[in-house]
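Respectively, the protein sequence lines represent chains R and Z. Numbering of the first sequence is given in this note's numbering, commencing with residue 1 and proceeding in unit increments. Numbering of the second sequence is given in this note's numbering, commencing with residue 331 and proceeding in unit increments. Encoded as structure tokens, the structure appears first; notes follow it.
Number of protein chains: 2
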Amino acid sequence: MEQRRKPSPTIDQVAAAADVNRSTVSRAFTRPQMLSAETVRRVLDAAERLGYAPNHTARALSTGRHRNIALIVPDVANPYFPPLIRAVQREVDKADFCLFLGNTDEDPKQEDKLVGRFAGQVAGMILASSRLPEARIRAHAAVRPIVLINRDVAGIPRVLIDSGSGVEEAVAHLAALGHKIIAYVTGPSTSWSNRQRLQAVRRATERLNLKHVTVAATAVPSFDAGRVTAKQVLRTGATAAIAFDDVTAHGLLAGIADEGIDVPKRFAVVGCDDVLGAVTQPALTSVSNRAPEAGHAAFTLLSDMLQSPAIRDVRYVLETHLVVRDTTVR
Amino acid sequence: MEQRRKPSPTIDQVAAAADVNRSTVSRAFTRPQMLSAETVRRVLDAAERLGYAPNHTARALSTGRHRNIALIVPDVANPYFPPLIRAVQREVDKADFCLFLGNTDEDPKQEDKLVGRFAGQVAGMILASSRLPEARIRAHAAVRPIVLINRDVAGIPRVLIDSGSGVEEAVAHLAALGHKIIAYVTGPSTSWSNRQRLQAVRRATERLNLKHVTVAATAVPSFDAGRVTAKQVLRTGATAAIAFDDVTAHGLLAGIADEGIDVPKRFAVVGCDDVLGAVTQPALTSVSNRAPEAGHAAFTLLSDMLQSPAIRDVRYVLETHLVVRDTTVR
DNA sequence: CTATTCTATGCAACCGGTTGCATGTCAAGG
DNA sequence: CCTTGACATGCAACCGGTTGCATAGAATAG
């Protein structure tokens with residue numbers, strides 16, 4: 001059971017076996033049309049026989065090009081992200097790249113550290129819901145290609161899920177049901193999506209002549225954050241709440257139930273991102289989530305940047321809509 | 331807005347700036363105790379000033395050691411895995427490593443491809459719920475350190491979540507409630523956990539003099555797989571079912587409701603992995619999940635292997651228990 | 001004061017590929 | 001038949017670090 005690790009064969013051994021120069025072996029793999037068909041065959045045969053596979057590291061060192069990309073998210077365990085990760089994963093895979101995954105725990109310091117750690121070994125990076133100050137993002141983007149998801153920085157290619165449109169629909173929907181005061185339960189203050197949702201609530205309530213209040217939840221969105229906020233929300237006199245995300249909304253639902261108040265009869269709740277939808281009780285009305293499309297688009301954008309280095313200021317926006325379920329009917 | 335990428339400084343530039351040899355710069359970073367304190371300071375100063383950071387790729391090429399590890403899972407979007415990923419992530423991070431993430435879509439071919447793709451750039455790999463044939467696992471483990479999670483291959487270090495113990499508790503619990511016929515709804519046939527759970531059901535029903543039937547769900551566990559299996563389960567005459575995982579159980583719950591049958595009054599359902607627990611309606615009784623501990627243990631094991639190359643045949647088992655909620659009361 | 005050991009640093013080869021340029025061969029053109 | 005060009009392959013430098021060995025100067029021993 002001894003685990004003796006035998007080194008894998010190198011280009012030189014293949015060259016010797018096929019009786020050609022190492023450069024010929026290299027070309028057989030990277031530019032076969034440059035060689036005679038017969039030589040290519042001989043080299044590939046020898047390589048096959050020896051179990052040779054080109055060494056990524058050596059190749060990257062010599063070309064300066066890596067076939068890796070990094071995806072950095074605030075929290076893998078937040079149900080919003082896995083579908084996004086999976087979508088990116090799928091594209092990365094098609095392109096024969098490898099994916100580094102980073103988790104920041106919503107902490108800008110940690111995010112900065114990760115970007116630095118990955119920097120040396122990737123062709124580019126995707127930052128999802130980045131909490132970094134704009135200046136840091138710019139600095140990193142100056143060194144290597146970066147695509148943002150849900151963060152709007154002029155000059156840095158970005159994919160935005162416009163939850164504003166869905167949130168405005170939500171407010172209109174609540175207004176139609178007769179609600180006069182609407183609470184918004186916030187997410188992380190550094191989150192672009194949070195700012196956007198808050199603004200949408202403001203705009204829509206103003207336009208429809210409703211009152212709105214904002215209630216701050218803790219920095220990291222979670223079930224508990226929503227739950228403990230419930231009392232405070234009820235004290236504001238609001239009869240409906242829109243939460244930063246579904247997880248928070250789910251907690252809010254629990255907190256409101258704790259107070260003995262019936263949803264949706266006496267209080268309406270709307271989530272964002274639609275990740276828990278059918279699973280809460282009652283089923284949660286929520287603003288739809290386009291995370292898989294966003295992941296796909298982000299990688300496509302990044303690979304465009306890798307081909308033509310002078311892509312600039314792309315701003316790709318995905319619309320969202322309200323999905324009405326059982327927490328907002330009368 | 332032109333994105334001109336300036337190359338980062340190399341060891342030679344730092345050497346020139348500090349007026350020492352490149353080897354001295356290298357040592358200032360890797361073995362400072364070998365140098366005079368004064369020289370180290372001078373080098374570090376110069377590096378700081380130039381914004382120098384050692385190049386991972388070059389270092390890996392020359393030492394043959396990488397500070398990356400890969401984690402391969404069947405399905406990122408399956409709620410079982412994010413907490414595991416996160417736990418691994420956290421440890422990897424502490425050790426100043428980078429994490430590659432691979433998604434196999436439950437497909438052994440894809441898994442094999444990924445292992446190959448990562449092989450050249452990692453110090454080791456963690457395969458969670460691997461679907462690979464044993465021979466392939468052995469072959470890969472001969473080339474570089476591999477730790478398995480939820481897969482029991484003799485001679486390959488592995489972390490096992492013993493859901494058997496929890497499943498036996500579940501059967502005993504159902505027996506105590508008066509159930510005589512118990513169905514097991516299967517998961518992927520290549521899954522070690524699936525085999526283990528099936529065996530536990532067999533053992534426990536036999537011991538308690540109950541009947542058991544097994545009903546095959548589709549290969550990939552999912553809500554829909556569970557839902558469409560419901561009819562078939564009911565036809566067997568069973569009055570209780572244990573499902574391969576919570577997601578399948580959740581679907582089963584929906585399918586049973588579709589048939590107009592009340593849970594838990596007329597039928598009992600138990601899940602595995604406890605990832606949906608409080609979130610289904612009624613709240614799902616399930617076998618607990620030790621995924622975070624497993625992730626932690628797997629990385630610890632892997633890093634031990636990196637230090638002392640002759641670790642062999644470690645088998646780390648985590649016990650599980652039944653968590654009773656509302657789908658199994660009378 | 002010389003011989004010996006120790007310490008700090010330099011030298012140069014090496015890791016495993018890629019690539020610009022040189023060279024040799026063969027076919028077509030004049 | 002000689003020239004010219006196209007094509008296939010070889011040569012050697014380079015990517016940016018690491019490391020075994022050599023060496024010079026300082027410290028210690030005899």
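Virtual Cβ for every residue (Gly too), placed ideally from N, Cα, C.
Taking 8 Å as the limit between beta carbons, can you name the residues of its chain near residue i, skipping five residues before and five after?
i: R:SER129; result: VAL73, PRO74, ILE149, ASN150, ARG151, SER191, TRP192 and SER193
i: Z:PRO622; result: PRO413, LEU414, ARG416 and ALA417
i: Z:LEU374; result: ALA358
i: Z:LEU564; result: ILE586, GLU589, ILE591 and PHE597
i: Z:THR566; result: ILE511, ALA513, VAL543 and VAL545
i: Z:SER552; result: VAL577, THR578 and GLY581
i: Z:THR636; result: Strictly speaking, residue 636 of chain Z in this sequence is Leu, with Thr absent from that position. Contacts found: ALA453, GLY454 and PRO475.
i: R:GLU314; result: Reading off the sequence shown, one finds Val at residue 314 of chain R, where the question assumed Glu. These residues qualify, in order along the chain: PRO157, ARG158 and LEU301.
Going by CA-CA distance only, name the one from the options that's closest to residue i.
i: Z:GLY590; options: Z:ALA560, Z:ASN619, Z:PRO518 and Z:GLN419; result: Z:ALA560
i: Z:VAL422; options: R:ASN103, R:SER288 and R:ARG59; result: R:ASN103
i: Z:ASP554; options: Z:ALA579, Z:ALA534 and Z:ALA530; result: Z:ALA579
i: R:ALA119; options: R:ARG131, R:ILE137 and R:PRO133; result: R:ILE137
i: R:VAL115; options: Z:ASP426, Z:VAL543, Z:VAL452 and Z:GLN451; result: Z:ASP426
i: Z:ASN398; options: Z:GLU378, Z:GLY381, Z:TYR410 and Z:GLN419; result: Z:GLN419
i: Z:LEU648; options: Z:ASP442, Z:GLN529 and Z:ILE491; result: Z:ILE491
i: Z:SER356; options: Z:GLN451, Z:ARG389 and Z:THR516; result: Z:ARG389
i: R:VAL275; options: R:GLY251, R:VAL185, R:PRO188 and R:PHE81; result: R:PHE81
i: R:HIS56; options: R:HIS66, R:ARG49 and R:VAL213; result: R:HIS66
i: R:ALA310; options: R:LEU35, R:VAL215 and R:PRO157; result: R:PRO157
i: R:ALA240; options: R:THR218, R:LEU210 and R:PRO221; result: R:LEU210
i: Z:ASP603; options: Z:TYR514, Z:VAL653 and Z:VAL543; result: Z:VAL653
i: R:ALA176; options: R:ARG197, R:PRO79, R:GLY237 and R:THR205; result: R:THR205
i: Z:VAL599; options: Z:ARG557, Z:VAL350 and Z:ARG474; result: Z:ARG557
i: R:ARG290; options: R:GLY164, R:LEU174 and R:THR280; result: R:GLY164
i: Z:CYS428; options: R:GLN199, R:ASN78, R:THR24 and R:ALA70; result: R:ALA70
i: R:SER303; options: R:LYS6, R:SER62, R:TYR52 and R:LYS94; result: R:LYS94
i: R:TYR52; options: R:LYS6, R:SER288, R:LEU253 and R:LEU101; result: R:LYS6
i: R:SER288; options: R:THR327, R:THR320 and R:THR63; result: R:THR320
Check the DSSP bridge columns for residue i and list the partner residues they point to.
i: R:SER286; result: R:GLY271 and R:VAL323
i: Z:ASP492; result: Z:GLU649
i: R:PRO100; result: It should be noted that the sequence gives Phe, not Pro, for residue 100 of chain R. According to DSSP, R:PHE100 bridges with R:ALA70 and Z:PHE430.
i: Z:VAL543; result: Z:ALA513
Ordered along the chain, which non-local residues of its own chain (more than five positions away) have a Cβ less than 6 Å from that of residue i?
i: Z:ALA627; result: VAL489 and TYR646
i: R:ALA366; result: Residue 366 of chain R lies beyond the range of chain R shown here (1 to 330); nothing can be said about it.
i: Z:VAL659; result: PRO594
i: Z:GLN440; result: THR434
i: R:ARG22; result: ILE11, ASP12 and ALA15
i: R:GLY295; result: LEU84, ALA87 and VAL88
i: R:ARG312; result: none
i: Z:ALA549; result: PRO518
i: Z:VAL483; result: GLU464 and ILE467
i: Z:MET331; result: With a pLDDT of 42 at Z:MET331, under the threshold of 50, the modelled position of that residue is not reliable, and no figure is offered here.
Who are the Cβ neighbours of residue i in its own chain at under 7 Å, not counting the five residues just before and after it?
i: Z:PRO384; result: PHE359
i: Z:ALA546; result: THR516
i: Z:HIS470; result: VAL445 and ILE476
i: R:VAL143; result: ALA119
i: R:LEU198; result: TYR184, THR186 and THR214
### Query
With a cut-off of 8 Å, do at least 3 Cβ pairs link the segment 121-128 of chain R to the segment 161-174 of chain R?
no
### Task
Kindly confirm or deny that the segment 338-347 of chain Z and the segment 360-369 of chain Z touch, where touching means at least three C-beta pairs closer than 8 Å.
Taking 8 Å as the limit for Cβ pairs, the verdict is that the segment 360-369 of chain Z does not touch the segment 338-347 of chain Z.
### Ranges of the beta strand (DSSP E) found wholly within the segment 442-522 of chain Z, counting only runs of at least 3
454-458, 476-479, 488-492 and 511-515
### Task
Could you tell me which uninterrupted alpha helix (DSSP H) segments, each at least 4 residues in length, are contained entirely in the segment 559-602 of chain Z, listed from first to last along the chain?
Counting only unbroken stretches of 4 or more residues, the alpha helix (DSSP H) elements lying wholly within the segment 559-602 of chain Z are 576-588, in sequence order.
### Query
Does the pairing of the segment 565-577 of chain Z with the segment 237-246 of chain R give three or more beta-carbon distances under 8 Å?
In short, these stretches do not touch, since the Cβ pair count stays below three.
### Completely contained alpha helix (DSSP H) runs for the segment 358-412 of chain Z, where each covers 4 or more residues
Listed in chain order, the complete alpha helix (DSSP H) runs (minimum 4 residues) inside the segment 358-412 of chain Z are 367-380 and 386-393.
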